[in-house]
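Below is one structure, written out as C-alpha cells, with a few remarks after it.
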Amino acid sequence: PFVTFAFDLATAVTKSGEGRYNASVLPGWDINGNANGGYLFALAGRAMIDHSGRRDPFSVTAHYLAPVQAGPVHIEVDTVKTGRMVTTMNASIVTGSRTAVRLLGAFGETPDVTSNQLVTAMPPEVPPFEECVKRHDDGNSFPIEFARRFDSRIHPDDSAFLRGETSGSAVMRGWFEFGDGRPIDTLGLLMIADSFAPPVFNVDVPRGWVPTIELTVHVRAVPVGPIRT
117 PFVTFAFDLA TAVTKSGEGR YNASVLPGWD INGNANGGYL FALAGRAMID HSGRRDPFSV
177 TAHYLAPVQA GPVHIEVDTV KTGRMVTTMN ASIVTGSRTA VRLLGAFGET PDVTSNQLVT
237 AMPPEVPPFE ECVKRHDDGN SFPIEFARRF DSRIHPDDSA FLRGETSGSA VMRGWFEFGD
297 GRPIDTLGLL MIADSFAPPV FNVDVPRGWV PTIELTVHVR AVPVGPIRT
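All you need for my numbering is the position in the sequence shown, starting with 1, plus 116.
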C-alpha cells in the first residue's frame with residue numbers, strides 16, 4: 117500500500133503560478149516555535165526540484181533572514197541558468213510580506229554511491245547504530261517534538277548534554293534515520309544537515325537558542341541506509 121511519510125507531508129508544495137508555490141510550515145518541525153532551518157531548507161528545495169524538473173540538489177546555500185512560525189508561506193523560484201546537466205536557481209520563502217529565507221542552488225541528477233567514488237572527507241568514526249544513545253530531547257526541561265520525528269543516535273562520547281552535563285568537546289557525532297522509516301534521499305539530506313543537536317551543547321557555556329544564520333549543503337551521491345553525521 118502507498119505510504120505518505122511525515123517528511124513528505126511537511127514539505128508538500130502546490131504550484132500557484134510560474135515559479136510560485138504555496139506551502140504550509142507545519143507545527144512539530146520547530147525548535148520552541150521557530151521552524152528548524154533544515155526543514156525550511158528542504159521545503160524550499162522541494163519547490164526548486166519541481167520548478168527545475170531536476171531530481172537532486174548538488175549544492176545549495178541558504179541565508180536565514182527571519183524566524184518562521186507554523187502557518188502558510190509562499191515560495192518564489194527563479195531560474196538563473198539551465199544547462200544540459202545543471203539548473204541553477206534562486207528561491208525565497210516569504211511569510212506575510214517578509215522574506216524569511218533566501219537560497220541559491222544548483223540541481224541535477226546525482227549518481228548512486230559506487231565503490232570507486234572519490235571521497236574527499238571521510239565520515240566520522242561512530243559505533244554501530246544500536247550502541248549509540250537515543251536522542252529524545254535536547255536535555256532541557258521540555259521535550260522537543262522535532263527531535264522525536266527521527267531515530268537519532270548520539271555517539272556515547274558526545275551524549276553528555278542529554279544528561280545535563282558537558283563532555284568538554286564541541287563535537288556531535290551519530291546516526292540519523294527517519295522515525296517512520298522513510299528512505300533517506302537527497303532532499304532529506306538538506307534537512308538532516310541541520311537536524312542534529314548543536315556541538316556547542318557539549319561545552320561549558322550558557323545554554324541558549326542556536327539559530328541557523330547560513331547553511332550550505334553539498335550532495336555528492338544518493339545516500340544509502342542510515343546516515344552518519
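Each residue gets a CB set at the ideal place from its N, CA and C atoms; glycine is no exception. What you are looking at is a predicted structure, and each value in this text was computed from that prediction instead of being measured.
Per-residue burial, H252 [other beta carbons within 10 Å of its own, 16 or more giving buried]: With fewer than 16 Cβ atoms within 10 Å of its Cβ, H252 is classed as exposed.
Start-to-end residues for the beta strand (DSSP E) that takes in A128: It is not in any beta strand (DSSP E) - A128 carries neither H nor E in the DSSP assignment.
A222 beta carbon less than 8 angstroms from that of T195: Against a cut-off of 8 angstroms, the Cβ pair of A222 and T195 comes out as no contact.
Where the beta strand (DSSP E) through M164 begins and ends: Careful: M164 lies outside any beta strand (DSSP E), inside the alpha helix (DSSP H) at G153 to S168.
Separation of L219 from G135, as counted between CA atoms: Using only the alpha carbons, I get a separation of about 14 angstroms.
Pick from H179, G224 and I191 that is closest to R200, judged by C-alpha positions: Minimum Cα distance to R200 is reached at G224.
Spatial neighbours of H179 in its chain, beta-carbon cut-off 6 angstroms, leaving aside the 5 residues before and after: Only residues of its own chain outside the window of five on either side were considered, and among them R218 and E330 have a CB closer than 6 angstroms to the CB of H179, listed in chain order.
Chain C contact for S132 (CB, 8 angstroms cutoff): Absence of chain C from the displayed structure is noted, only one protein chain being present.
Burial state of R214 (16 or more Cβ within 10 Å): Answer is exposed; the Cβ neighbour count stays below 16.
The region 319-329 / the region 168-175 touching (three or more Cβ pairs under 8 angstroms): No, because fewer than three Cβ pairs between the region 319-329 and the region 168-175 fall closer than 8 angstroms, the two stretches do not touch.
Separation of V340 from G149, as counted between CA atoms: Their backbone Cα atoms lie some 32 angstroms apart in a straight line.
Sheet register partners of R171 (DSSP bridge): BP columns for R171 are empty, so no partner.
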